[in-house]
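Asker: Okay, here's the structure, questions in a sec.
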Amino acid sequence: MRSACTGPWRLAVIQQPESTPAASPSLAVGATAILHHQLGELRFQAVVESITDCAICLLDRHGTVVTWNAGAELTTGYHADEVIGRHFSCLYPAEAIEADRPMRGLDGATSSPRFEEEGWRVRKDGSRFWAHVTITAVRDPAGQLCGFIKIMRDITERKRVAELAASTHRLQQFIATLGHELRNHLAPLRNSVGILQTAPDLAPDMAQCRDAIDRQLGQLARLADDLLDLGHIAAGKVRLDIRVVTAGDIVTRAVDSVQAKTNARGQRIAVALPAGDINLRGDRARLVQVLHNLLDNASKFAPRGSQIDVAALAEGGTIEIRVTDRGPGIAPSALVSIFDLFDQQGAVSTSPPVGLGLGLALCRSFVRLHGGSIFAESPGRGQGATFVVRLPTTSEAISEAAPFSADTDTAMMPLRIVVVDDDHESADTLSMLLQLEGHAPRVAYDAHDALRLARAYRPHLMLIDLSMPHVDGFELLRKLRSAAGLARTHFVAVSGYIRPADRERTEHAGFDAHLAKPVEMRALEQVLLRAAKTPRR
């Protein structure tokens, strides 16, 4: 029989004294019970020794190793005869021993039902692993401490995955904050450009400067969007709005999106599309973004005054869209790696790398999400490059709601508007832009003034920044919704946070729309039209 306090297993043979009657029932029953107990302990020991997915060992009350199972051997690399009789602190790194961590573990198990911790441990070969450890005190029937049971699992991989997830989350938060800050600073610049665009008789050189600023602002805003998209892809949180769209519409929208840049460089885009509509299932915005990035890339590397070709060909349930430039070409060794994140070495050129290397990586990710493929071709130095996108087509017909429209008279009616933003330049320039459009804006720089102004002015529309100090846009909206006389006011969130989750949050909070900073005039006009269609008080 194994004693909990004295250590090794032993078999006790019980003999009857000669004076005891052989047929004594009580003695026979007692002997049978003891044998059953011994067999139970032996079976338990066999089970423990055979466990391989965690290390289980017994320690005496001083911390000396008494038993060592197969899992302990696999986890630490020590065989039983190498560790039994040694103090269990031999598994701890030097810094943990100096901090008296092993004895703190035993003290914790002695004073409470069990001690549990995670930390580094050291294998026989000196390598480290992250362990989850449980130490439980073993006591005899009188309550005296006999030793400890220690169970240890190697959770290094689990810790690595958890740290990776935490790192991804921190990256997501950083990218979202960076995008928000970029957009916040771009907002007054874009508003100022909008004001300059309404200026009559602007000198040609001033108009040229204005348009250059506008194009660069667009590039910066798209860069912020690309960073956000990369964060979503890394976290596996990309959401696609899948519907039936036409290839011609995708190409036309993408060409329109880069027209200002190519015009400024004297470049011409030649488009060749198949006769008739070619339908495919996809997210229109993402597919336009793919072609926009390819066209932008082509314009960036192609010489000024050159031609960029866009051609589409449908065959066998697939459409192939090719974007060809007449730039320096792509090195053969880079035709695949050019789609890697941050890759900038693909172009055959002596010029320094251009851009951050985000656009093509995003193209590949979005095309793959649509079940398609993308690759690059280049005949050689100085002969340009062609990017080929292949996507599956569909025989489904397009079924879309009619686009929003409002009659001209309604659109031209002036609106009472309150712009709420703690950034004075952003609020003031947006107010000036609205005033030039014929509306009557007022400005509030914090939630308190906004609430006071709304009650007195009873606006048709309030444009509310979400990230104000003290009282943010969400809390302000709750107060405005409960205020008298504002039942028909449109409340629109204006923010540099533009992730799908951010838009869902504002919708759930009760905002009527969500505008991204810097505010695009086309999106602002849609908001103004909707507010104008609301019956007047």
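Heads up, the sequence shown is in our numbering, so the first residue is 112 and it goes up one at a time. Where is the CB? At the ideal position from N, CA and C, for every residue including glycine. A quick note: this is a predicted structure, and the numbers were derived from the prediction, not measured.
1. Can you tell me which of Gly305, Leu544, Tyr189 puts its alpha carbon nearest to the alpha carbon of Arg321?
2. Taking Thr373 as the reference, give the member of His571, Thr617, Glu206, Phe412 with the closest Cα.
3. Under a Cβ-count criterion, where at least 16 other Cβ atoms within 10 Å of its own Cβ denotes burial, should Leu639 be classed as buried or exposed?
4. Would you give the residue range spanned by the beta strand (DSSP E) that Arg264 belongs to?
5. What separation, rounded to the nearest whole angstrom, lies between the Cα atoms of Arg437 and Ser506?
6. Given a cut-off of 7 Å, decide if Gly482 and Arg501 are closer than it, judged by their beta-carbon atoms.
7. Is Arg553 buried or exposed, if buried means 16 or more other CB atoms sit within 10 Å of its CB?
8. Between Ala551 and Arg527, which are expected to be in contact by the criterion C-beta below 8 Å, what is the C-beta distance as a whole number of angstroms?
9. Since Leu313 and Asn404 are thought to touch, with beta carbons under 8 Å apart, how far apart are those beta carbons, to the nearest angstrom?
10. Could you have a look at Ala310 and say whether DSSP puts it in helix, strand or coil?
11. Around the C-beta of Phe285, are 16 or more other C-beta atoms found within 10 angstroms, so that it is buried, or is it exposed?
12. Please work out which residues of its chain come closer than 8 Å, Cβ to Cβ, to Gly174, disregarding the five sequence neighbours upstream and downstream, and give them in chain order.
13. What number of angstroms, rounded off, separates the C-alpha of Leu597 from the C-alpha of Asp576?
14. Am I right that Asp407 and Gly470 are in contact with their C-beta atoms under 8 Å? What's the rounded C-beta distance?
15. Opposite Gln418 in the DSSP bridges: which residues?
16. Just to confirm, are His291 and Arg264 a CB contact at a threshold of 7 Å?
17. Looking at Ile389 and Ile430, is the spacing between their C-beta atoms short of 7 Å?
18. Throw me the rounded Cβ distance for the Trp241 and Lys270 pair, which I believe falls under 8 Å.
19. So, helix, strand or coil for Asp236, using DSSP?
20. Looking only at DSSP bridge pairs, what is Leu169 linked to?
21. Let me know the secondary structure DSSP gives Gly393 once reduced to three states.
22. Should His84 go down as buried or exposed, given a rule of 16 or more other Cβ atoms within 10 Å for buried?
23. Compute the Euclidean distance between the alpha carbons of Ala642 and Leu572, then round it to the nearest angstrom.
24. Counting along the chain, where does the alpha helix (DSSP H) carrying Met543 start and finish?
25. State the DSSP-derived secondary structure class of Pro119, mapped to helix, strand or coil.
26. Out of curiosity, what's the CA-to-CA distance linking Asp520 and Thr645?
27. Give every residue of the same chain whose Cβ lies closer than 8 Å to the Cβ of Ile195, excluding the five residues on either side of it in the sequence, and list them in chain order.
28. Going by the beta-carbon positions, is the gap between Arg649 and His625 smaller than 7 Å?
29. When DSSP labels each residue in this structure, what does Arg501 get in the three-state scheme?
30. According to DSSP, is Gln637 helix, strand or coil?
31. May I ask you to list the residues that DSSP assigns as paired with Gly230?
32. Report the start-end ranges of each alpha helix (DSSP H) in the stretch 279 to 344 that is 4 residues or longer and not cut off at the edges.
33. State the beta-bridge partners of Asp436 as determined by DSSP.
34. Count the other CB atoms, across all protein chains shown, that sit within 10 Å of the CB of Ile509; report buried if there are 16 or more and exposed otherwise.
35. Mapping DSSP to helix, strand and coil, what is Ala594?
36. Measuring CB to CB, does Val356 end up less than 7 Å from Gly329?
Answerer: Quick answer:
1. Gly305
2. Phe412
3. buried
4. 256 to 265
5. 35 Å
6. No, they are not a contact pair.
7. buried
8. 5 Å
9. In fact, because the Cβ distance is near 32 Å, the residues do not count as touching under 8 Å.
10. coil
11. exposed
12. His198, Phe199, Ser200, Pro213, Met214, Leu217, Phe259
13. 18 Å
14. 7 Å
15. Arg379.
16. no
17. yes
18. 5 Å
19. coil
20. Thr178, Ile260
21. strand
22. Shown here, the chain extends from 112 to 648; a query on residue 84 therefore has no answer.
23. 6 Å
24. Where Met543 is concerned, the enclosing alpha helix (DSSP H) stretches over 535 to 547.
25. Reliability fails at Pro119, whose pLDDT of 42 lies under 50, so the model's placement of it is uncertain and no value is given.
26. Residue placement at Asp520 is poorly supported in this model, since its pLDDT is 44, which falls under 50; the coordinates are not used for a value here.
27. For Ile195, same chain residues with a beta-carbon under 8 Å away, outside a window of 5 residues either side, are Val176, Val177, Thr178, Trp179 in chain order.
28. Any question about residue 649 goes unanswered here, given that the chain covers just 112 to 648.
29. Note: Arg501 maps to strand in three-state DSSP.
30. Of the three classes helix, strand and coil, the one that applies to Gln637 here is helix, per DSSP.
31. Answer is Ala242, bridged to Gly230.
32. Listed in chain order, nothing qualifies, since the stretch 279 to 344 has no complete alpha helix (DSSP H) run of 4 or more residues.
33. Ala496
34. exposed
35. coil
36. no
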